[in-house]
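*Asks:* Chains as they are written, first to last, in the numbering used here: chain A, 1 to 797; chain B, 798 to 958; chain C, 959 to 1251. Quick reminder that beta carbons are idealized off the backbone N, C-alpha and C, glycines included.
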Amino acid sequence: MNDGVEQTRGLSVLDRPNSYIGKTVPRPNLDRLMQGRGLYVSDMTLPRMVHVVFLRSPHAHAKILNIDSVAAKAMPGVIAVVTGRELADVITPWIGVLTHLKGLKSAPQHAIAIDRVCWQGEAVAAIVATSRALAEDAAEQMSVDYEELTPVTNMRTALDAETPVIHPDLGDNLAFERNLDAGAIDKAFADSDEVVEAEFVFGRHTGVTLEPRAVLADWNAGEARLTIYQGTQAPHMVQNISAKHLGLEEAQVRVVCKDVGGSFGIKVHIYADEMATYALSKLLRRPVKFVADRVESFSTDIHARDHVCKGRIGVNKDGTITGFEIDDLTGIGPYSMYPRTSAIEANQVVNLVGGPYTTPNYRARTRVVFQNKNVTCQYRGVGHPIACSITEVLVDLAARAIGMDPIEIRRRNLVADDAYPCASPSGMKFEALSHHASIDRLLSIMDYDALRAEQAELRKQGIYRGIGIASFVEVTNPAAAFYGVGGARISSQDGVTVRLDATGSVVCQTSITEQGQGSESLTAQIVGSVLGVSMSRVRVILGDTDNTPYGGGTWASRGAGIGGEAALQSAKALRKNILDVAAAILQAKPGDLDIVENSVVDLVGGQQRIEMHELARIVYFRPDTLPPGFQAELMATRHFVPREYPFAFTNGVQASWLEVDPNTGFITLLKHWVVEDCGTIINPQLVDEQIRGGVVQGLGAALYEHCIYDERGQLTNANMADYLVPMSGEMPDISIGHVVSPTMESELGAKGAGEAGTAGAAACVANAVNDALAPFGATVTEIPLTPRLILTALGTI
Amino acid sequence: MTAPVAVSLTVNGERIDAQVLPRLNLADFLREHLGLTGTHVGCEHGVCGACTVRVDGDIVRACLLLAVQTHNASVETIEGLSDSGEVADLQAAFCNRNALQCGYCTPGMLMAAQDLLRQNAAPDRAQIREHLSGNYCRCTGYHAIIDAVEATALARRGEQP
Amino acid sequence: MKASAFSYIRPTTIDDALALLAQYGEQAKVLSGGQSLMPALNLRLSAPEWLVDIGGLSDLRTIAVSRGLLRIGALARHVDVLKSADVAEHAPLLADAMVHVAHPAIRNKGTMGGNLAHADPASEMPACMIALDAVIVVRSRAGERRLQARDFFIGIYETALAAEELLVAVEIPVANQNSVRFFHEYARRNGDYAIVGLAASATLDGGSFADLRLGFFAVGDRPLLATAARHLIGRPVTAAMLAEAQAALEAELDPQEDQQAPVAMRKHLARQLLALCVATLLGRADLEARRSA
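Set out below in structure tokens:
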């Protein structure tokens, strides 16, 4: 299914004999997971461990008048029942704002609600018992008196004068607003042959990681130290924030992250119930475990999207796009999530709309409002699927308005491949993108012309198929611009330590984490390649704040580009040290030596001089034989963060081929293609599977996934029978192609690939559906694209 | 009378005698009482497939079966199928194809895939997709899993891909 | 998400089971395959004091044919029905429908009796039973009752089964050589409950229906044996007759609105299904009336 990978640039330290770079090699340690011998937090037990269940508010908005826990405390197995007021003595509240998002405001949030609950599912008490079942039994005996308050559930009226203000101290329900006006949009539209507009609706959905959020907190009163076992993407962030709010020094907290059953941005935030679990362990002086059940996951894992956006595009008859304008509105729940905030998605929408195109005229407004629903925050592809759908559906509507093929209008307007570096109207700096090469590649792998012919032929038979195209830009490798500049203690740099041990094997500690993306593999591939040792001799340690360098972790598609470069630089440093040792032993010049296949060899001729294990033996056990004054250093650490570009933008294009049944409104996905450019490819298979997984997450949002709230703020489908996730039966095969434009910010040249699939999937499906429905004159601009929506668009119902 | 009930069963060929509370489901019994944590819990209401195990030769959802119902039954989990080598080739195919990322669905997915291959030596991609359609994977997008199962079927038939 | 505590008992004879049901009445739930009950228990939507596990009543597993009746024991699993040669020969509609019931791991545990007694209005089997004119056999200590399937289902998760009664079998008249059947459902994903579905059984007389039984499901609080079929019987079907039948069908449907579909959509899809069914059974593509631009 894959076509060849083109490497357009030789890699000095990586382009070596037996390099693993650019090669598909199996990920290390998969056997453990395949044999059921992984260690997920939900699998762990500790001596004296107890389980916490949170009693959660049944109301979207209510005052807590009284909590009666007498009966619950008397239930078998119950260790403690703790209210928010009691826990507030152990852990302080927080406010999820960042200073670079000017004007962003939020209210203090407690680990457990104290006086008031602000969404259905917010914790009002913790019940700690010897088993989850017993804790649930006791939870049923809790009695809470609520006074219901009017919930704010409709984002469209959240700012109206007659709508109650959720946090009166904040003055209104507006959390954040951003306005952008670039170029001269009014004149551009006035001069355009056509101006097309549409209103887009993006339903709320959520991550549905197969392993729910899970944490096991172990306060050791004897050591005055808290060990947190958690499936998190950012161990150092958890360490810093938990310490801060528990009144501990950072050194008093260790965060350990073993296997993680999926993350996708869901597990990169600080959740109130997780904070409560840390605090309960400290309070009760014993290990406390919290594993969200599936219903809790739906009502408390961060949600995403939930945008309504009016969009306009101007176009001339020759196909020139003259400008974009958007007016976006999003509801984020009652609080801005901590510490990354809930304004980032809206901000990204403003940043990314129109991104692939040349027009300088762009006006945008986004407003972020509070509501009494679960909080939203960053989830895979933050803002991308929204921006891409708005942009690409508008481009298709513009093409239709002037009777131009969707490919042709893109060719005429996408930024030329030789126009970089350049900036977008929203100020995004693009180092090197390849929209046109990507489209060329796409047309070739999907055989666009043949598909169009087939479509026309089938249409005569009453079969309605559609082709949808979506070009996109993707934000990866974020530097401090994302969070650090706004005051968040979230590291944007990563570090790797590499050590040659006494048997000639390599131990590598990295601050990036693994949730299945292949962090371990890419680190071992890079280190093995640079050092000249076999991958099987490289062991990678990650996910432990005691045992890895300080760093950001794995999120926002930064593992390969940032963590990978740190691995490369640390391996280079160790390689130099090894060659210095070898030169001392061999009485040679370091520059005349090389390391190939676990041995030091002559650079010229390749003659083997000394095996690595022998070199290590001498260093560790017979240092007396080394020249006087020579100290071997077989361990090296390097860190990396991009400095010139705040983000490494990537790009790509997706296509969908699907069939719509106009009788039933059902959509059948037939085939999907992606061409993307993530720079240097370390492991083509890992990149392809990141993209495929991301596409299906995007397809889930496009067709199925929806957190449905009623007007009272009740989540009505918080289970997997009613919240539909994409399953194998309906998903298409996905072909992937690549264009390679490495970033010059790093020696490695890798950019991220984790958002690409999700970024464009919904957009190209929407375009394909509209293409299929074109003969009926129907258009849909809302996701999920349900049969109900299609039949409504067709006027059937 | 919600007291524990005595059960005897075999798990991965090993005789187990235990006292279990009636409400304990098989997934929790395997994980918490026997330490067989390869059977994962994803939804606890029978939708996600992560807890798929074999009981008397048939795949079932361990979260939808009480431990007491397995009295006198033969239960097989991913640990058992791994140790016996029954799914070694399927696991190798998953590895070669990177048909797992976080690995949480993988034990259940392997169980379901092996169930298909025991019933149908030559499934096409649509049949594979259908048989696995009760097993949720958030990471892979399924394509690689379908490839791995297809490749295993081919190899078991002695055919080249 | 853990079940509430309950007591468990596993009778080994039907008489013992009936005695237990008589004793515990509404306090007890019957555990058959458990594929609907267990999620309800885990979610604490159901918290019975007693669970009477009838899984040991091996007499109830049998699928057999005698005297023109296919008898399926209550404990016959979905997979048993799916693979039964008797079912394939005498009631192939059940096998057609069964592949749409959930997923293999569920079909390996779920039972016919459990499915019917659960009476989910969106479930396939109850509709098949009314389409096949099945008799539901229930037993209590007072004796056996035999109910027409269409009288058995009386509401959402509601049947004519009393608390002390056990559904023991279904009996289906075997298909004759002029019997034809149709099954189709509109479900979002493989194995999902249908938005609307139709299980139909018919007898053909040349190019006409001598008999037509239309079992719609997910169109109301119980499976519906559509009387609209009478518009289509006894003479060659015309487009006008079909339209009449569709109108009659729409009038007798009382679907619920839910997250998948409003009332109008269910009615529309039911009409579609009726046309598809008639066109398929009669081999008359002209009646399908597919929408085109």
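Hey, is Gly-729 of chain A's beta-carbon within less than 8 Å of any beta-carbon in chain B?
*Replies:* Here residue 729 of chain A refers to the residue found at position 729 when the first sequence is read from its first residue. Yes, Gly-729 of chain A lies at the interface with chain B (some Cβ there is under 8 Å from its Cβ).
*Asks:* Alpha helix (DSSP H) containing Ile-445 of chain A: first to last residue?
*Replies:* Position 445 of the first sequence, counted from the first residue, corresponds to residue 445 of chain A. That run of the alpha helix (DSSP H) goes 435–446.
*Asks:* Which of the three DSSP states, helix, strand or coil, is assigned to Gly-96 of chain A?
*Replies:* Walking along the first sequence from the start, residue 96 of chain A turns up at place 96. Residue state, collapsed to three classes: coil.
*Asks:* What first and last residue would you give for the beta strand (DSSP E) that runs through Ala-224 of chain A?
*Replies:* Indexing the first sequence from 1 puts residue 224 of chain A at position 224. From DSSP, Ala-224 of chain A is part of no beta strand (DSSP E); its letter is neither H nor E.
*Asks:* Anything in the segment 1001–1021 of chain C with a Cβ closer than 7 Å to a Cβ of chain B? List those residues in chain order, please.
*Replies:* Hits within the stretch, in order: Leu-1001, Leu-1009, Asp-1011, Gly-1013.
*Asks:* Quick check: the Cα distance between Glu-6 of chain A and Thr-743 of chain A, rounded to an integer number of angstroms?
*Replies:* Here residue 6 of chain A is taken as the residue at index 6 of the first sequence, counted from 1. Here residue 743 of chain A is taken as the residue at index 743 of the first sequence, counted from 1. The predicted position of Glu-6 of chain A is uncertain, since its pLDDT is 42 and thus under 50; a value taken from the coordinates is nonetheless stated next. Going by the C-alpha atoms only, they are around 15 Å apart.
*Asks:* Could you name the residues of the same chain whose beta carbon sits closer than 7 Å to that of His-1189 of chain C, not counting the 5 residues immediately before and after it, in chain order?
*Replies:* Residue numbering aside, residue 1189 of chain C sits at position 231 when the third sequence is read from its first letter. Closer than 7 Å at the Cβ level, and outside the excluded window around His-1189 of chain C, lie Met-1199, Glu-1202, Ala-1203, Ala-1206.
*Asks:* Which residues in chain A sit within 8 Å of His-1226 of chain C, going by Cβ to Cβ distance?
*Replies:* On the third sequence, residue 1226 of chain C is found 268 positions in, with the first residue counted as 1. Under the 8 Å cutoff, chain A gives Leu-791, Thr-796, Ile-797.
*Asks:* Whose Cβ in chain A lies nearer than 7 Å to the Cβ of Pro-960 of chain C?
*Replies:* The residue labelled residue 960 of chain C in the question sits at position 2 within the third sequence. This sequence places Lys at residue 960 of chain C; Pro is not what is there. Result: Arg-132, Ala-133, Glu-136.
*Asks:* Does any residue of chain B bring its CB to less than 8 Å from the CB of Asp-3 of chain A?
*Replies:* Position 3 of the first sequence holds residue 3 of chain A. Note that Asp-3 of chain A has pLDDT 43, beneath the 50 cutoff, so the model's placement of it is unreliable and the number below is only indicative. No, Asp-3 of chain A does not count as interfacial toward chain B.
*Asks:* For a test of the three-state rule: what should DSSP assign to Gln-1230 of chain C, helix, strand or coil?
*Replies:* Counting from 1 along the third sequence, the entry for residue 1230 of chain C is found at position 272. Looking at Gln-1230 of chain C - three-state DSSP - the assignment turns out to be helix.
*Asks:* Are Leu-907 of chain B and Ile-925 of chain B closer than 8 Å when you measure CB to CB?
*Replies:* Counting from one through the second sequence, the residue named residue 907 of chain B turns up at place 110. Counting from one through the second sequence, the residue named residue 925 of chain B turns up at place 128. No, Cβ-Cβ distance for Leu-907 of chain B and Ile-925 of chain B is not below 8 Å.
*Asks:* How about Gln-493 of chain A and Val-641 of chain A: are their beta carbons less than 8 Å apart?
*Replies:* Working through the first sequence from its first residue, we reach residue 493 of chain A at position 493. Working through the first sequence from its first residue, we reach residue 641 of chain A at position 641. Result yes, Cβ atoms of Gln-493 of chain A and Val-641 of chain A sit closer than 8 Å.
*Asks:* List, in order along the chain, the chain A residues whose C-beta lies closer than 7 Å to that of Glu-927 of chain B?
*Replies:* Start at 1 with the first residue of the second sequence, and residue 927 of chain B comes out as number 130. The answer, in chain order, is Gly-729.
*Asks:* What first and last residue would you give for the alpha helix (DSSP H) that runs through Phe-189 of chain A?
*Replies:* Position 189 of the first sequence, counting from 1, holds the residue named residue 189 of chain A. Segment 185–191, the alpha helix (DSSP H) holding Phe-189 of chain A.
*Asks:* Going by the beta-carbon positions, is the gap between Asn-374 of chain A and Ser-299 of chain A smaller than 8 Å?
*Replies:* Counting from 1 along the first sequence, the entry for residue 374 of chain A is found at position 374. Counting from 1 along the first sequence, the entry for residue 299 of chain A is found at position 299. Cβ distance < 8 Å, so Asn-374 of chain A and Ser-299 of chain A count as in contact.
*Asks:* If you measure from the beta carbon of Phe-776 of chain A to each beta carbon in chain C, is any gap under 8 Å?
*Replies:* Taking the first residue of the first sequence as position 1, residue 776 of chain A is located at position 776. It does; some Cβ of chain C falls within 8 Å.
*Asks:* Indicate whether at least one CB of chain A lies closer than 8 Å to the CB of Ala-941 of chain B.
*Replies:* Here the question's residue 941 of chain B lines up with position 144 in the second sequence. For Ala-941 of chain B, the answer is yes, since a Cβ of chain A falls inside 8 Å of its Cβ.
*Asks:* Taking C-beta pairs closer than 9 Å, name the residues in chain A that Glu-876 of chain B reaches, listed in chain order.
*Replies:* Within the second sequence, numbered from 1, the residue matching residue 876 of chain B stands at position 79. Per Cβ cutoff of 9 Å: Gln-35, Gly-36, Arg-37.
*Asks:* Using a Cβ-Cβ cut-off of 7 Å (strictly less than) and excluding sequence neighbours within five positions of Leu-724 of chain A, which residues of its own chain qualify?
*Replies:* Within the first sequence, numbered from 1, the residue matching residue 724 of chain A stands at position 724. If we look at Leu-724 of chain A and ignore the five residues flanking it on each side, its Cβ neighbours are Tyr-704, Glu-705.
*Asks:* Where does Gln-141 of chain A fall in DSSP's three states?
*Replies:* In the first sequence, counting from the first residue as 1, residue 141 of chain A sits at position 141. Coil, per DSSP.
*Asks:* Give me, in chain order, the residues of the same chain whose beta-carbon lies closer than 8 Å to that of Ser-192 of chain A; leave out the 5 immediate sequence neighbours on both sides.
*Replies:* Counted from its first residue, the first sequence places residue 192 of chain A at position 192. Within the same chain, Ser-192 of chain A has close Cβ partners Gly-314, Val-315, Asn-316, Thr-322, Gly-323.
*Asks:* For the beta strand (DSSP E) holding Cys-892 of chain B, just list the boundary residues, first then last.
*Replies:* Here residue 892 of chain B corresponds to residue number 95 of the second sequence, with the count starting at 1. Unbroken run through Cys-892 of chain B is the alpha helix (DSSP H), 885–893; no beta strand (DSSP E).
*Asks:* For Leu-929 of chain C, count the other beta carbons within 10 Å of its own beta carbon; 16 or more makes it buried, fewer makes it exposed. Which is it?
*Replies:* Past the edges of chain C, shown from 959 to 1251, lies residue 929 of chain C, and the structure says nothing about it.
*Asks:* For Pro-819 of chain B, which residues in chain C fall below 7 Å Cβ to Cβ?
*Replies:* Counting from one through the second sequence, the residue named residue 819 of chain B turns up at place 22. Simply Phe-964, Ser-965, Tyr-966, Leu-1009.
*Asks:* With a CB to CB cut of under 8 Å and the five nearest residues on each side skipped, what residues in its chain are close to Ala-919 of chain B?
*Replies:* Stepping through the second sequence from its first residue, residue 919 of chain B is reached at position 122. Cβ within range, chain order: Ala-950, Arg-954.
*Asks:* I need the DSSP call for Ala-566 of chain A, collapsed to helix, strand or coil.
*Replies:* Taking the first sequence and counting its residues from 1, the one referred to as residue 566 of chain A is at position 566. Correct three-state label for Ala-566 of chain A: helix.
*Asks:* Closest Cβ-Cβ distance between Ser-557 of chain A and chain B: below 8 Å?
*Replies:* Working through the first sequence from its first residue, we reach residue 557 of chain A at position 557. Taking Cβ atoms only, chain B never reaches closer than 8 Å to Ser-557 of chain A, which makes this a no.
*Asks:* Determine the direct distance from the alpha carbon of Tyr-966 of chain C to that of Met-798 of chain B, and round the result to whole angstroms.
*Replies:* The count along the second sequence starts at 1 and reaches residue 798 of chain B at position 1. The count along the third sequence starts at 1 and reaches residue 966 of chain C at position 8. Because Met-798 of chain B sits at a pLDDT of 47, beneath the cut-off of 50, its placement in the model cannot be relied upon, and the point is left open.
*Asks:* To the nearest angstrom, report how far apart Ser-994 of chain C and Met-1070 of chain C are at their CA atoms.
*Replies:* To locate residue 994 of chain C, count along the third sequence from 1; it is residue 36. To locate residue 1070 of chain C, count along the third sequence from 1; it is residue 112. Near 12 Å, if we compare the C-alpha coordinates of Met-1070 of chain C and Ser-994 of chain C.
*Asks:* Using a beta-carbon distance cut-off of less than 7 Å, what residues from the segment 653–683 of chain A approach chain C?
*Replies:* Under the 7 Å Cβ criterion, the segment 653–683 of chain A contributes Pro-662, Asn-663, Thr-664, Phe-666.
*Asks:* With DSSP as the reference, please indicate the residues paired to Arg-812 of chain B in a beta bridge.
*Replies:* One-based indexing of the second sequence puts residue 812 of chain B at position 15. B:Thr-807, per the DSSP bridge assignment.
*Asks:* Answer yes if the segment 583–593 of chain A comes into contact with the segment 755–771 of chain A, meaning at least three C-beta pairs across the two stretches below 8 Å, and no otherwise.
*Replies:* Touching, no.
*Asks:* Please identify, using Cβ separations under 8 Å, the residues of the segment 140–170 of chain A that lie next to chain B, in order along the chain.
*Replies:* Within the segment 140–170 of chain A, no residue qualifies.
*Asks:* Any idea which residues DSSP pairs Asn-651 of chain A with across the strands?
*Replies:* Translated into positions along the first sequence, residue 651 of chain A becomes position 651. In DSSP, Asn-651 of chain A forms a bridge with A:Val-473, A:Asp-677.
*Asks:* Once you ignore the five residues that flank Leu-397 of chain A on each side, which residues in its own chain have a CB closer than 6 Å to its CB?
*Replies:* In the first sequence, the residue the question calls residue 397 of chain A occupies position 397. Correct list, in chain order: Val-196.
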